[in-house]
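Heads up, the thing below is written out as structure tokens.
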Amino acid sequence: MLLGFIRYFRGSVGFKVTGKAPERFLNISAQRGINIWGARPVEKGIEGSMSVSDYRKIRPIAKKSGVRSKITVKRGLPFIAARFKPRIGIPIGAALGVALLIFLSNFIWTIDIIGEKQVSETALKSLLADSGVHIGAYKKTVDTGQAKRDILLKVDKIGWLSVNIVGSHVNVEIKEKIEKPELENTSPCNLKASADGVITKVTAGEGIAQVKVGSGVAKGDLLISGVNLTSQNTVRYVRAKGEVLADVIADKELRIPKSFDYNSVTENKIERRQLSFLGAHIPCSISFSSFDSAVCTQSDGSLSINGVDLPLGFVTQTERELKSEKVSCSKKTAESVFKKDLMLYEIFEKGGSRLVSKNYSISESADGYICKARYVFNGNIAESVDFTVQE
């Protein structure tokens, strides 16, 4: 095998000698140290193989032996290189390409994070970059152990973390902590009113109800007591449980000016493109113009081969002009805005309560509109208030 590689890189030829005494040619060649292999008799001569350098020496031997030599086949790297000699750029380009790949293999190309659920992948990549692990980083300067320690100190939700460099790829695997289940609170407590209201329903699971349906309560009043008196006239302290529904009044107010500045995005935009390579950004287009007021967005596009992202792509920064204009607001428009605001209030702030009634009014002032709404919601107003027992 090794001899075959040597002959391939040095180059060899297959030859044929014909004449009166081909055997004499073989004898003289052996005496002069010329290595011939694969020699075999053929019609009117002998065929064999030898190195290119030895073939250049056989002309006087062939003349002395009375034979004629002819090359039948050429093998090896020197003959392949000779074919590309008129196109010297091809082997040079291939050599430079191999050298470039070897050079680029010293840098980090991609980062893959697996196992994250509660922690944002973007936040993890930012923390890795702070520790020197980022696309374009020189691998020999990356301390994966230090990066691991830094992230574990900064992110409490991660219980285990590994950072491994495989080739030009960084593989980050994390296991998040399993949160301990909350233990049920067994300390004694009362249920008190969280708001003023009129009781509509009382359901006491543990403890003794202190209010009845139809009675009015103020915020902080006792609803269900955690102090029970047993049949033996002894005091028993429990954690009061239950539900107390009440009609509660809620007010909502919104002031809307008659005129205000409104910013809108126009169709005018300026795009700037950059070539992103190994974390470095090289401008591809330059624009010195800008808008007085604008909103900017950025989009990244990386090249991908067989599902593998390469550290090469384009970053496009888009600047869109903002146009400010004075907008007048009518009473009808103010009413529409107020209705939408009330709808969001009912869904997100009072979604756990049942709407009993709603009344709203809109009045006009010198500089705008005053929108007021009065609600009646029916919901659970009982909230736990712990107390301590002193023996």
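Numbering (the working numbering), first residue to last: 795 to 1185.
The beta carbon of each residue, even a glycine, is placed where N, CA and C say it ideally should be.
Expressed to the nearest angstrom, what Euclidean distance is found between the alpha-carbon atoms of residue i and residue j?
{"i": "Glu967", "j": "Ala917", "result": "15 Å"}
{"i": "Asp924", "j": "Phe1054", "result": "43 Å"}
{"i": "Lys1006", "j": "Thr994", "result": "8 Å"}
{"i": "Ser1081", "j": "Arg1114", "result": "14 Å"}
{"i": "Glu841", "j": "Gly860", "result": "16 Å"}
{"i": "Ile1064", "j": "Leu1104", "result": "27 Å"}
{"i": "Asn756", "j": "Lys974", "result": "Nothing about residue 756 can be reported from this structure: the residues present for the chain run from 795 to 1185 only."}
{"i": "Lys934", "j": "Ser899", "result": "11 Å"}
{"i": "Ile886", "j": "Leu895", "result": "14 Å"}
{"i": "Gly1183", "j": "Tyr1031", "result": "This sequence places Val at residue 1183; Gly is not what is there. Each residue's alpha carbon lies about 8 Å from the other."}
{"i": "Ile874", "j": "Leu1106", "result": "34 Å"}
{"i": "Gly891", "j": "Ile882", "result": "14 Å"}
{"i": "Leu796", "j": "Tyr802", "result": "10 Å"}
{"i": "Gly1073", "j": "Ile929", "result": "5 Å"}
{"i": "Glu837", "j": "Arg877", "result": "32 Å"}
Would you list the residues sitting across from residue i in a DSSP beta bridge?
{"i": "Cys1090", "result": "Glu1113"}
{"i": "Pro835", "result": "Ile840"}
{"i": "His928", "result": "According to DSSP, which records beta bridges pairwise, His928 is partnered with nothing at all."}
{"i": "Phe1108", "result": "Leu1069 and Gly1095"}
{"i": "Asn829", "result": "The partner list for Asn829 (beta bridge, DSSP) is empty, contrary to what the question assumes."}
{"i": "Ser1118", "result": "Asn1057"}
Find out if the Cβ-Cβ distance for the pair residue i, residue j is shorter than 8 Å.
{"i": "Asp1041", "j": "Gly1008", "result": "no"}
{"i": "Ser845", "j": "Asn829", "result": "yes"}
{"i": "Leu977", "j": "Ser1178", "result": "no"}
{"i": "Arg869", "j": "Gly798", "result": "no"}
{"i": "Ile902", "j": "Ser988", "result": "no"}
{"i": "Phe1108", "j": "Ser1070", "result": "yes"}
{"i": "Glu970", "j": "Gln1026", "result": "no"}
{"i": "Asn1174", "j": "Val1150", "result": "no"}
Who are the near neighbours of residue i in its chain, counting only those whose CB is closer than 6 Å to its CB and skipping five residues on each side?
{"i": "Gln1092", "result": "Gln1111"}
{"i": "Ile905", "result": "Val964"}
{"i": "Lys1144", "result": "Phe1171"}
Round the Cβ separation of residue i and residue j to the nearest angstrom and send it over; I've been treating them as touching at under 8 Å.
{"i": "Ile855", "j": "Val807", "result": "No, Ile855 and Val807 are not in contact; Cβ-Cβ is about 15 Å, not under 8 Å."}
{"i": "Pro982", "j": "Arg1049", "result": "That belief does not hold up - the Cβ atoms of Pro982 and Arg1049 are roughly 46 Å apart, past 8 Å."}
{"i": "Val936", "j": "Val949", "result": "About 19 Å separates the two Cβ atoms, so there is no contact after all."}
{"i": "Leu1116", "j": "Ser1083", "result": "Leu1116 to Ser1083, Cβ: 15 Å. No contact."}
{"i": "Leu1017", "j": "Ala1176", "result": "5 Å"}
{"i": "Lys1035", "j": "Gly1010", "result": "Lys1035 to Gly1010, Cβ: 23 Å. No contact."}
{"i": "Ile1002", "j": "Val1170", "result": "About 28 Å separates the two Cβ atoms, so there is no contact after all."}
Might you give, ordered along the chain, the residues of its own chain that have their beta carbon closer than 8 Å to the beta carbon of residue i, omitting 5 neighbours on each side?
{"i": "Val1121", "result": "Ser1053, Phe1054, Asp1055 and Tyr1056"}
Can you list, in chain order, the residues of its chain with a C-beta nearer than 7 Å to that of residue i? Leave out the 5 residues immediately preceding and following it.
{"i": "Phe819", "result": "Val811, Ile855, Ala856, Ser859 and Val861"}
{"i": "Pro872", "result": "Gly805 and Val846"}
{"i": "Cys1078", "result": "Arg1067, Gln1068 and Leu1069"}
{"i": "Gly1095", "result": "Gly1107 and Phe1108"}
{"i": "Asp1161", "result": "Pro1051 and Lys1052"}
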